[in-house]
Structures are given as C-alpha cells and as structure tokens.
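Start counting the sequence shown at 102; every next residue gets the next number (my numbering).
Ideal Cβ placement from N, Cα and C applies to all residues, glycine included.
The structure displayed is predicted, hence computed values, not measured ones.
Each remark here refers to the structure printed beneath this line.
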Amino acid sequence: MSSVFRPAAFATLLALAACDQAAVGGGTNSFVETRGINSCIRAVERETGVEGATLNTTLAVVELYQYIIDVPNARPWTCFTDENGRAVELLEVRRA
102 MSSVFRPAAF ATLLALAACD QAAVGGGTNS FVETRGINSC IRAVERETGV
152 EGATLNTTLA VVELYQYIID VPNARPWTCF TDENGRAVEL LEVRRA
C-alpha cells in the first residue's frame with residue numbers, strides 16, 4: 102500500500118505546487134505590473150523627496166502601464182511605465 106500511496110501523494114503535492122505558483126506568480130504580466138508599481142513608487146519618492154509613497158487602490162485606472170501613487174501629506178502622482186515596468190513619466194495630480 103505504501104508503494105502506491107507515495108507516488109499518488111507526490112503527484113498531488115506537485116499539482117498543488119503548480120496551482121500555488123500560478124495563483125501567486127500570475128505569469129509575466131503580474132511580474133511586470135509589480136515591477137512597474139515599485140518603479141513608480143521609487144520614482145515619485147525621488148521626485149518629491151518624501152518617503153512612504155504607496156499605490157492608490159481606490160481610484161480607477163483604465164490605462165495599461167499607468168498607476169496612481171499616493172504621497173504622504175502631498176498630492177498624488179500619476180506614473181506611466183514602459184512595457185518592461187520602468188517608470189518613464191510622472192505627473193502631479195492637480196485638483197481644481
């Protein structure tokens with residue numbers, strides 16, 4: 102019985118590991134998105150000189166490679182990245 106159980110258990114573990122990797126990793130797009138968010142946060146912190154910038158998750162963004170970055174005690178910034186996830190343009194959000 103143990104000779105049958107081991108391969109079945111191993112196959113189950115491999116299947117679970119593959120599902121977990123797919124859920125967590127999400128593929129290349131997820132990696133580029135994470136890189137883009139981190140690149141934008143660093144770029145905004147360099148531009149403003151303020152530490153602690155974060156991704157805004159409340160404002161809807163419909164464009165690819167565009168992120169809203171919140172800065173503590175300051176206006177938020179819109180950041181655009183290239184297809185590799187590098188910040189290429191920053192715009193301070195001005196409210197009327």
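Beta-carbon proximity list for residue i, same chain, < 6 Å, skipping 5 on both sides
i    : result
V133 : G186
V154 : First, the amino acid is wrong: residue 154 is Ala here, not Val. Hits under 6 Å: I142, V145, E146, I170 and V172.
L160 : I169
E193 : R176 and W178
Beta-carbon proximity list for residue i, same chain, < 7 Å, skipping 5 on both sides
i    : result
F181 : Y166, Q167, V189 and E190
E152 : E146
V162 : Y168 and I169
First and last residue of the uninterrupted beta strand (DSSP E) at residue i
i    : result
V189 : A188 to E193
Y166 : No beta strand (DSSP E) holds Y166; DSSP gives it neither H nor E.
T182 : W178 to T182
Local conformation of residue i per DSSP, three classes
i    : result
G135 : Note that residue 135 is Thr in the sequence shown, not Gly. Helix at T135.
T149 : helix
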